[in-house]
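> In UniProt numbering, the protein residues as written are 1 to 58.
In structure tokens:
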């Protein structure tokens, strides 16, 4: 992946497949920019993911 720009990597499914299947520990950082309750967070996350998956499915 050396020599590719961030934009190129962001559009490369093979890069993400390699990243996900790499035998290393993964870490996800979620930063909340407005104060919401846990239940509201779950609803918003589900809605956002569903919308993005639907857009990718087209």
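Even glycine gets a Cβ: it sits at the ideal position worked out from N, Cα and C.
Predicted, not measured: the structure shown is a model, and the values here were computed from it.
1. For residue 58 and residue 23, I'd like the C-alpha separation in whole angstroms.
2. So, for residue 5: in the same chain, excluding its five sequence neighbours on each side, which residues have a beta-carbon less than 6 Å away from its beta-carbon?
3. Please list the segments of the alpha helix (DSSP H) lying wholly inside the UniProt domain "Chalcone isomerase" (1-45), counting only runs of 4 or more residues, in order along the chain.
4. How about residue 1 and residue 15: do their beta carbons lie closer than 8 Å?
According to the structure data:
1. Taking the chain shown and counting its residues from 1, the one referred to as residue 58 is at position 58. Taking the chain shown and counting its residues from 1, the one referred to as residue 23 is at position 23. Roughly 32 Å separates the two Cα atoms.
2. Here residue 5 is taken as the residue at index 5 of the chain shown, counted from 1. Taken in chain order, the list of residues that qualify is empty.
3. 6-10 and 13-21
4. Position 1 of the chain shown, counting from 1, holds the residue named residue 1. Position 15 of the chain shown, counting from 1, holds the residue named residue 15. Taking 8 Å as the Cβ cut-off, residue 1 and residue 15 qualify as a contacting pair.
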